[in-house]
Amino acid sequence: MKYQPLYAVLVAAFALSLPACDRTHAEEKGEHHHDEHKIVATTAQAKDVILTQQYVCQIRSQSHIEVCALQDGYLEEILVKEGQAVKQGDVMFKILPTLYKARLAAERAEAQLAQIEFLNTKKLYESTPPVVSVQEVNLAQAKLDKANARVKLAEAEVDFTVVKAPFNGIVDRQLKQLGSLIEKKDILTTLSDNGVMRAYFNVPEARYLADMTGQGLNSQQIELVLADGSKFPQHCQAVLIEGKFNSETGNIAYRADFPNTKNLLRHGQTGTVLINRKLPHATVIPQRATFETLDKRYVFVVGEDHKVHQRLITIEHEMDDIFVLKSGLSATDKFILDGVRQVRDGQSVEFEFRKPEDVLANQKHHAE
């Protein structure tokens, strides 16, 4: 029983603290509720915007060819390695030339015989009186010319047993092994000139027409994004390479040439072409200030009497967090930024105004 006074004091203190806690909780809840329902308005801003459009591209070497055998025979020597850089004229492969050298020797002997016959016939014709007719001299001359031509052909056949690099490039995978029996036109390897790499991409007809009437693709800086997301350090310009549209896709092909000074790009890679186009004095608004009804986009405009009215807007371009407008708002029109779901057409509202430059400085939300 001696503990009852202390117990009574504790109960009384707890009871007195409850109203204070309730008031504090109610105040915090009221402030939070007020922040959630605060209506914010702003205006559109005219600013220069960089519009970036992306196109998947295929990367190809400036020159990429199949290196083929020009003669039949055994592959006698392989003088290059896979991935090796070669210069124009470097010997890459040798085919056993024994048969072709023997044929060349035989043709040279035939040419010497024809030369002797021609000289003898010519002397007989030049004697007094002539022993042979001029027709026989001409016939001997023709036989000599034919023999000399066959010598040149045999020399070419011997030369063709040596396969040389037609241009500077990188040797690809070797498709024949040492000692293989080679036939004419067999592919030995491929050779790629990677000095300049070409990115091929397709542009829709609508974009093509827009460029033809405005700032064309060939006057814009092109960037290349690689498969790992990194940007290639060189920029370039695009060139239209086809004279007609693809009837199935409705696209037309463009090409962008990138200097490959560090040999980072290789034939067959894929990437993404970025085309950056400047839109001067574009009218922009945050996406979150808009709402969509029946595939049309609207904003709530606030009048001088603080009444809101639904207004149709036309969007020209959609970018991260913002819309570039084609029509619908002037620079002085105030519209609801935050609280779009809380207002109705014709409703009077109290709002907080924020400058458009402050609003556009940090966008995080997309349109509803």
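Take the sequence shown: its letters are residues -20 to -1, 1 to 348, numbered as in mature numbering (1 follows the signal peptide of the UniProt record, and there is no 0). We put the CB at the ideal spot given by N, CA and C, even for glycine.
With three or more C-beta pairs closer than 8 Å as the rule, is the segment 46 to 58 touching the segment 154 to 172?
Short answer: they touch.
Just the C-alpha distance for His215 and Val205, rounded to the nearest angstrom, thanks.
Each residue's Cα considered, the two are about 11 Å apart.
Spatial neighbours of Gly63 in its chain, beta-carbon cut-off 7 Å, leaving aside the 5 residues before and after:
Residues Ile150, Val151 of the same chain have their beta carbon placed closer than 7 Å to that of Gly63, with the five preceding and five following residues left out of the count.
Three-way DSSP call (helix, strand, coil) for Val329 in this model
Per DSSP, reduced to three states, the secondary structure at Val329 is coil, with no helix or strand assignment.
Excluding five sequence neighbours on each side, which residues of the same chain lie with their C-beta closer than 8 Å to the C-beta of Leu(-15)?
In this prediction, Leu(-15) scores a pLDDT of 44, lower than 50, which makes its location untrustworthy; no coordinate-derived value is stated.
Excluding the five sequence neighbours on either side, which residues of its own chain have a C-beta within less than 7 Å of the C-beta of Gln290, listed in chain order?
These residues qualify, in order along the chain: Tyr278, Phe280, Asp325.
Grouping DSSP H, G and I as helix and E and B as strand, with all else coil, what is Asp173?
Strand.
Where does Glu332 land, buried or exposed, given buried means 16+ other C-beta within 10 angstroms?
Around the beta carbon of Glu332, fewer than 16 other beta carbons sit within 10 angstroms, so the residue counts as exposed.
Comparing alpha-carbon positions, which option in Val20, Val219, Ala129, Thr32 lies nearest Gln92?
The residue from Val20, Val219, Ala129, Thr32 with its alpha-carbon nearest to that of Gln92 is Ala129.
Taking Thr22 as part of the beta strand (DSSP E), name the residues at either end of that continuous run.
Secondary structure note for Thr22: its beta strand (DSSP E) is the uninterrupted segment 20 to 23.
Which two residues bound the contiguous alpha helix (DSSP H) that contains Pro336?
First-last of the alpha helix (DSSP H) with Pro336: 336 to 340.
Taking all protein chains shown into account, decide if Gln201 is buried (16 or more other Cβ within 10 angstroms of its Cβ) or exposed.
Around the beta-carbon of Gln201, fewer than 16 other beta-carbon atoms lie within 10 Å, marking it exposed.
Three Cβ pairs or more, each shorter than 8 Å: is that satisfied between the segment 25 to 37 and the segment 257 to 270?
Cβ pair count under 8 Å is three or more, so yes.
Assess, as a yes-or-no matter, whether the segment 175 to 182 is touched by the segment 241 to 256 under the definition of 3 or more beta carbon pairs within less than 8 Å.
In short, these stretches touch, since the Cβ pair count reaches three.
With DSSP run on the structure shown, which of helix, strand or coil describes Ala(-8)?
Confidence at Ala(-8) is low in this model, with a pLDDT of 46, below 50, so the placement of that residue should be treated as unreliable; the coordinate-derived value is given next. Ala(-8) carries a helical assignment under DSSP once its states are collapsed to helix, strand and coil.
Assign Leu168 to one of three DSSP states: helix, strand, or coil.
The DSSP-derived three-state label of Leu168 is strand.
Is the beta carbon of Lys74 closer than 8 Å to that of Thr141?
Closer than 8 Å, so yes.
Range covered by the beta strand (DSSP E) that runs through Leu220:
Segment 218 to 220, the beta strand (DSSP E) holding Leu220.
Run through the DSSP bridge pairs and tell me what Pro184 is partnered with.
Asn231, per the DSSP bridge assignment.
Which listed residue (Thr170, Val112, Pro109) has its alpha carbon closest to that of Glu46:
Per the Cα distances, Thr170.
Nearest CA to the CA of Met177: which residue from Ala207, Arg153, Pro239?
With distances taken between Cα atoms, Met177 lies closest to Pro239.
Could you spell out the range, first to last residue, of the beta strand (DSSP E) harbouring residue 349?
Because the chain here runs from -20 to 348, residue 349 falls outside it and cannot be looked at.
Taking the alpha-carbon positions, what's the Leu124 to Phe98 distance?
Rounded to whole angstroms, Leu124 to Phe98 spans 7 Å at the Cα level.
Assuming contact is defined by CB atoms lying nearer than 8 Å, are Gly308 and Thr294 in contact in what I supplied?
Yes; because the gap between Cβ atoms is below 8 Å, this pair is in contact.
Measure the beta-carbon distance from Glu185 to Gly230 and round it to whole angstroms, keeping in mind my assumption that it falls under 8 Å.
Contact holds; Cβ gap of about 5 Å.
Of all the options Ala341, Lys306, Lys335, which has the alpha carbon lying nearest to the alpha carbon of Asp300?
Measuring from the Cα of Asp300, the nearest candidate turns out to be Ala341.
Nearest-angstrom Cα separation, counted from Gly175 out to Gln68:
About 13 Å.
In three-state DSSP terms, what is Val112?
Reduced to three states, the DSSP call for Val112 is coil.
Considering Leu204, what are the terminal residues of the beta strand (DSSP E) in which it resides?
Start and end: 202 to 205.
Helix, strand or coil: how does DSSP classify Arg40 here?
Strand.
Three-way DSSP call (helix, strand, coil) for Ala85 in this model
Here Ala85 sits in helix by DSSP.
Leaving out five residues on either side along the sequence, give the residues of the same chain with a beta carbon under 6 Å from the beta carbon of Arg83.
The beta carbon of Arg83 sits closer than 6 Å to the beta carbons of Ala134 from its chain, once the five residues preceding and following it are set aside; these are given in chain order.
Given this structure, state the Cα-to-Cα distance separating Ala190 from Thr22, to the nearest angstrom.
Here the alpha carbons of Thr22 and Ala190 stand approximately 31 Å from one another.
Grab me the residues of Ala311's own chain with a C-beta within less than 7 Å of its C-beta, minus the 5 sequence neighbours each way, in chain order.
Listed in chain order, the non-local C-beta contacts of Ala311 below 7 Å within the same chain comprise Thr23, Ala24, Ala26, local neighbours out to five positions each way being set aside.
Distance between Thr270 and Leu305 (C-alpha atoms, nearest Å):
If I take the Cα positions, the gap works out to 12 Å.
Check for me: the beta strand (DSSP E) holding residue 404 runs from which residue to which?
The structure shown does not extend to residue 404, since the chain is modelled only from -20 through 348, so no value can be given for it.
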